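Working notes, beginning with the structure itself.
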Amino acid sequence: MKKFLVITLSILLVGALFISCGGKKEAPAAAAPAAAPAAPAPAAPAAPAPAAPAAPAPAPAKPVAAAPVDEVVFRLTNGAEPESLDPALVQGVPEHRIYMAIFEGLVAMDPKTGNAIPGVAESWTSNEDGT
9 MKKFLVITLS
19 ILLVGALFIS
29 CGGKKEAPAA
39 AAPAAAPAAP
49 APAAPAAPAP
59 AAPAAPAPAP
69 AKPVAAAPVD
79 EVVFRLTNGA
89 EPESLDPALV
99 QGVPEHRIYM
109 AIFEGLVAMD
119 PKTGNAIPGV
129 AESWTSNEDG
139 T
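Following the working numbering from start to finish, the sequence shown increments by one per residue and tops out at 139.
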């Protein structure tokens, strides 16, 4: 029974492979439309039609302000909805990811050395007590 199942599944997989990869590709439709049959030439015109008065030229369009070129869109895939975006209530990983993307602390951690580096603070000093 097991051998029959393996052979059947193998045949189905090979068949699916041939069906998905085979087939004739059709050429895309031609961009130019087919030529229309020529209309019969009209007989002699009965009388010349009076020329229509020329329409006034349209006023030039006003230039539209262009959209800002340096527009930036920030998208963050978080995996879960945050419970709160209040910095005082951040507890979980989804909130922390958004919090770290929005806010910058006084100092940051250098990922290579693990030492504190300036964030918003330009410099810092400690007093004699070390506090």
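Every residue gets a Cβ at the ideal spot worked out from N, C-alpha and C, and that includes glycine.
Predicted, not measured: the structure shown is a model, and the values here were computed from it.
Span of the beta strand (DSSP E) around residue 117: 115-117
message: Quick check on residue 77: buried or exposed, where buried means 16 or more other Cβ atoms within 10 Å of its Cβ?
response: exposed
query: Do residue 123 and residue 102 have their C-beta atoms closer together than 8 Å?
result: no
- prompt: Out of curiosity, what's the CA-to-CA distance linking residue 126 and residue 29?
  reply: 57 Å
task: Alpha carbon to alpha carbon, how far is residue 27 from residue 13? Give it in angstroms, no decimals.
output: Residue 13 and residue 27 have their C-alpha atoms some 21 Å from each other.
task: Mind checking which residues open and close the beta strand (DSSP E) that includes residue 126?
output: 124-126
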